[in-house]
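Peer 1: Please see the structure below; I have some questions.
Numbering (my numbering), first residue to last: 3 to 415.
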């Protein structure tokens, strides 16, 4: 087992926990400094996701990054999913056209996100949180549609082409959403991105989201406090979510865009259901914890190894390599990289933030003692819980090496 954190800076980040050297490398290759260095268009030319993967959670300038990372995964792994006759977009359309009843669609989507297959149990086990994810999905649909299932016209599929403009009609400018769509750079109305943003489909979708903004922030993006109260998240807010939707629907990544229903009549309804499925997973994975960084949750012998930063459930994030065809995109592992997560869970005794660093700094790593009573003002000397704000119990204990599920006792790299 690992008892170090060298090379372990690649834990999950963002609303659906982007992890591994391949995924961060792809973000950098398509959206970050790597794209700019290669002379390609880059949404974030000054951000090197390989040198600073924590920027997804820490950036004050680009708060949408925590959503961008999740939507990038969604576009690559969920929207394109087609295994053993179960095709995501086909099933999405069938769910909408069938009146949005039953749980088979959202259960299959949850399986893809949580276990990598639409019909778990598969190789990685049973679906975790099936009911929560399904309940979340219904809550989002209620917020989007006001509790009334919309009727769609008979399905008429628009011929899909590589040119987005062929499947979009330009909208009347007077139908723009009431809240101005935020933008960080001008978008030409005649560009592919401009055609999307001015299409009837996107304008209708944006209006529906704008109408739901209050419910999204106050009823959906909630987290459970250590005092067991559900309150609005400080990490995940509507404005950042919408900015990511605008970017990924209009610009996309690597030729893929967020599906907004651009190929069917009443398309925005299909697009909203796609987003509802995405948010249902996000509410389960991260929003309920008010955390952007992965939480340490893998108990080994009743203890939380600090080397969980390297990977949990026997995984090793620094060894999540790209395929041979995409190998050139992945991030190199720097054993000297040192990072501490900026967010983490705050339940009673919740482990402190994940961290990584070289063996010269952490020759070995121990545990988070979640049972330790740190709030002891009567002790001599007095003790307080000081690792993080709102801490109720627990402490770091590096008195002896303690391995994670993959055997690591370090956090280097």
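Even glycine gets a Cβ: it sits at the ideal position worked out from N, Cα and C.
Need the endpoints of the alpha helix (DSSP H) that residue 143 sits in, please.
Peer 2: Element bounds for residue 143: 132-147.
Peer 1: Tell me whether residue 333 sits in a helix, a strand or coil according to DSSP, three-state version.
Peer 2: Coil at residue 333, not helix or strand.
Peer 1: Excluding sequence positions up to five away, which residues of its chain have a Cβ less than 8 Å from the Cβ of residue 219?
Peer 2: Excluding sequence neighbours, residue 219 sits near 234, 239 and 240.
Peer 1: On the premise that residue 363 lies in contact with residue 6, defined as a C-beta separation below 8 Å, what is that separation, rounded to the nearest angstrom?
Peer 2: Not a contact, Cβ separation roughly 10 Å.
Peer 1: Going by DSSP in three states, residue 328 sits in which element: helix, strand or coil?
Peer 2: It is helical.
Peer 1: Determine the DSSP secondary structure at residue 289, reduced to helix, strand or coil.
Peer 2: If DSSP states are grouped into helix, strand and coil, residue 289 belongs with the helices.
Peer 1: My assumption, with CB atoms under 8 Å, is that residue 99 sits in contact with residue 110. Please give the rounded CB distance.
Peer 2: About 16 Å; that fails the 8 Å criterion.
Peer 1: For the beta strand (DSSP E) containing residue 260, name the first residue and the last one.
Peer 2: Residue 260 -> no beta strand (DSSP E), and no H or E assigned at all.
Peer 1: Determine contact between the stretch 315-325 and the stretch 133-146, defined as no fewer than three beta-carbon pairs at a distance below 8 Å.
Peer 2: Taking 8 Å as the limit for Cβ pairs, the verdict is that the stretch 133-146 does not touch the stretch 315-325.
Peer 1: Just the Cα atoms here: how many angstroms apart are residue 264 and residue 252?
Peer 2: Cα-Cα distance, rounded: 11 Å.
Peer 1: CB-CB under 7 Å to residue 222, same chain, minus the five flanking residues each way: which ones, in chain order?
Peer 2: Answer for residue 222: 141, 142, 145, 281 and 285, listed in chain order.
Peer 1: Do residue 392 and residue 228 come within 7 Å of each other at the CB atom, strictly closer than that value?
Peer 2: Yes, they are a contact pair.
Peer 1: Determine the extent of the beta strand (DSSP E) in which residue 245 is found, giving its start and end residues.
Peer 2: Here residue 245 belongs to no beta strand (DSSP E); instead the alpha helix (DSSP H) covers 240-252.
Peer 1: I'd like the list of long-range same chain contacts for residue 338, defined as Cβ closer than 7 Å, with 5 residues on each side in sequence excluded.
Peer 2: Cβ neighbours of residue 338 beyond the five flanking positions: 360.
Peer 1: Can you find the residues in the same chain that come closer than 7 Å, C-beta to C-beta, to residue 139, ignoring five residues on each side of it along the sequence?
Peer 2: The answer, listed in chain order, is 108, 278, 279 and 282.
Peer 1: For residue 298, I'd like the list of residues in its chain whose CB is within less than 7 Å of its CB, leaving aside the five on either flank, ordered along the chain.
Peer 2: Hits under 7 Å: 306, 310, 353, 356 and 370.
Peer 1: Below 8 Å CB to CB, which residues in the same chain sit around residue 345 once its five sequence neighbours on both sides are set aside?
Peer 2: 59, 237, 292, 293, 294, 295 and 355, listed in sequence order.
Peer 1: What does the Cβ neighbour count give for residue 35, buried or exposed, with the cut at 16 atoms within 10 Å?
Peer 2: Per the 10 Å Cβ criterion, buried.
Peer 1: Suppose contacts are defined by Cβ-Cβ distances below 7 Å. Is residue 242 in contact with residue 128 by that definition?
Peer 2: Contact: no.
Peer 1: Let me confirm a value: residue 327 is counted as buried when at least 16 other C-beta atoms fall within 10 Å, else exposed. Which label applies?
Peer 2: Exposed, because fewer than 16 other Cβ atoms sit within 10 Å of the Cβ of residue 327.
Peer 1: According to DSSP, which residues form a beta bridge with residue 305?
Peer 2: DSSP output for residue 305 lists 302 as bridge partner(s).
Peer 1: Considering only the beta carbon of each residue, do residue 20 and residue 71 sit closer than 7 Å?
Peer 2: A contact, by the Cβ cut-off of 7 Å.
Peer 1: Would you report the Cα separation of residue 182 and residue 205, rounded to the nearest angstrom?
Peer 2: Only weak support is given to the placement of residue 182: the predicted model assigns it a pLDDT of 44, under 50, and the value that follows is read from those uncertain coordinates. Roughly 11 Å separates the two Cα atoms.
Peer 1: From the DSSP output, read off the bridge partner residues of residue 357.
Peer 2: Looking at the DSSP assignment, residue 357 forms a beta bridge with 342.
Peer 1: Less than 8 Å between C-beta atoms, sequence neighbours within five positions excluded: which residues of the same chain meet that for residue 55?
Peer 2: Once the five neighbours on either side are set aside, the close Cβ partners of residue 55 are 11, 12, 15, 26, 333 and 341.
Peer 1: Given residue 403, which residues of its chain have a CB within under 6 Å of its CB, disregarding the five upstream and five downstream residues?
Peer 2: So the list reads 5, 366 and 411, once near-sequence residues are dropped.
Peer 1: Identify whether residue 406 lies in helix, strand or coil by the three-state DSSP scheme.
Peer 2: The answer is coil: DSSP assigns residue 406 none of H, G, I, E or B.
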